[in-house]
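Line by line, the protein sequences give chains P and A. Count the first sequence with my numbering and you get residues 1 to 87, in order. Count the second sequence with my numbering and you get residues 1001 to 1271, in order. Input: a single structure, listed below in structure tokens.
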Amino acid sequence: MKLLDFLKRERKKSASVAKERLQIIVAHQRGHRGQPDYMPMLEQELLEVIRRYVSVDQDAVNITLDSEDDCSILELNVTLPNSKDDT
Amino acid sequence: MAKIIVVTSGKGGVGKTTSAAAIATGLALRGNKTIVIDFDVGLRNLDLIMGCERRVVYDLVNVIQGEATLNQAMIRDKRTENLFILPASQTRDKDALTPEGVEQVLNNLKDEFDYIICDSPAGIERGAQLAMYYADEAIVVTNPEVSSVRDSDRILGLLGSKTRLAEQGKEQVKEHLLITRYNPHRVDHGDMLNLNDITEILSIKLLGLIPESEAVLRASNQGVPVTHDDDSDAGQAYADTVSRLLGEDVPLRFHEAQKKSFLSRMFGGRR
């Protein structure tokens, strides 16, 4: 049975795997494009401060920097775990 | 006024120097007065690819530091009229290049030449950033391979932020994609990214496609830019690339697998 499965399964072409992986990584890279050099550090340190009080995942913190005409807005979104589980 | 074009990629070994040499040669063969400058201080190689390594006396760093004049450092190409080479230093380190020095050199060349081709070092550090800083246009050399495509995207990010044009905020550096070492047979087998995938991911305009070719190694062995080998696929592909750079509308070639004839199978037809 296993052998039959093996023969029936169409091998996914490596080029299409490469394309999918690249699309994800490039989209991620572009999200960081144009932001100040200190942003990754800022993100990391903010995460550490938040973790002193609440245990959150890396993904739970989302930071974006938007520029408008004459000012920039730093937006910080933190998804906190349910408070009941906390205590 | 010369147009300054940087040949860059991020990743090393994808064919920047080969392409810079081939494109500069192609531009000169078409009657444009062209100079190709090696920015890879410490690891110069353009002189070898251009076949003038034994004629190097002074280099870019000497000129920047006032130890030689531009005319002393520029090497006139022996094969092609209108073509000059400005080699990089082999002994200094990358810090020997300064933005002011590079600007001075480019300004002095601008009036005399039609095209200034800057051959960038690999990486995204100082040398690569200086090579691209003053560029009007950029040729991003990419292999159909994941790490090369990702690095090209990084370089596109830098072209959009760390260049003089980007800092002035008026216009963007004009970006061209040059795919090299393309193997249509492997693309057909689904084992190599195809050119549409690459242009879609990077979303810049394709300037040229150079097939993987024996002619490229042959050319570098001999120190003759592959553009001179006009019987070869790679030589013709670079000539097409140059035509497009000059604004001509040339159809794409060498992107489809050619079936080998029975005879060439038997006798191993080359190129």
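All residues carry an ideal CB built from backbone N, CA and C; glycine is no exception. Because the structure is a prediction, the values reported are computed rather than measured.
Inter-residue spacing [alpha-carbon to alpha-carbon] between residue i and residue j
i        : j        : result
H32(P)   : N77(P)   : 16 Å
F1084(A) : R1044(A) : 16 Å
D1230(A) : K1162(A) : 37 Å
L22(P)   : L1193(A) : 10 Å
A1073(A) : Q1104(A) : 15 Å
Environment of residue i [buried if 16+ CB atoms lie within 10 Å]
i        : result
F1254(A) : buried
T64(P)   : exposed
K1016(A) : buried
N1107(A) : exposed
C71(P)   : exposed
Q1258(A) : exposed
Q1222(A) : exposed
A1237(A) : buried
S55(P)   : exposed
I73(P)   : exposed
G1026(A) : buried
As assigned by DSSP and simplified to three states, the class of residue i
i        : result
D1153(A) : helix
L1252(A) : coil
K19(P)   : helix
G1208(A) : strand
D1227(A) : The residue asked about is misnamed: residue 1227(A) is Thr in this sequence, not Asp. In this structure, T1227(A) counts as helix in the three-state DSSP scheme.
S67(P)   : strand
T1080(A) : coil
T1098(A) : coil
S1009(A) : coil
I1124(A) : coil
K1003(A) : strand
Y1133(A) : helix
R1271(A) : Because R1271(A) carries a pLDDT of 49, less than 50, the predicted location of this residue cannot be relied on, and no value is offered for it.
V1056(A) : coil
T1142(A) : strand
L1043(A) : coil
V1036(A) : strand
V1187(A) : helix
N-terminal and C-terminal residue of the alpha helix (DSSP H) that residue i is part of
i        : result
R1244(A) : D1233 to L1245
Y1182(A) : No alpha helix (DSSP H) holds Y1182(A); the beta strand (DSSP E) holding it covers K1174 to Y1182.
Y53(P)   : M39 to Y53
V1061(A) : L1060 to I1064
D1197(A) : L1195 to L1202
G1272(A) : This structure cannot speak to residue 1272(A), because chain A is shown only from 1001 to 1271.
Span of the beta strand (DSSP E) around residue i
i      : result
T79(P) : Careful: T79(P) lies outside any beta strand (DSSP E) and carries neither H nor E.
Along the segment 19-43 of chain P, what residues have a CB closer than 9 Å to any CB found in chain A?
Within the segment 19-43 of chain P, the qualifying residues are K19, R21, L22, Q23, I25, V26, Q29, R30, H32, R33 and G34.
Looking at chain P, which residues of the segment 1091-1109 of chain A have a Cβ within less than 7 Å of any of its Cβ atoms?
Residues passing the 7 Å Cβ filter: none.
Of the residues that make up the segment 45-76 of chain P, which ones have a beta carbon closer than 8 Å to any beta carbon in chain A?
When C-beta distances to chain A are compared with 8 Å, every residue of the segment 45-76 of chain P stays at or above that value.
Check each residue of the segment 1193-1204 of chain A: if its Cβ is closer than 8 Å to any Cβ of chain P, include it; give the result in chain order.
From the segment 1193-1204 of chain A, only L1193, N1194, D1197, I1201 and L1202 have a Cβ closer than 8 Å to chain P.
Output needed in chain order: residues of the segment 1145-1157 of chain A with a Cβ under 7 Å from some Cβ in chain P.
Residues V1146, V1149, R1150, D1153, R1154 and G1157.
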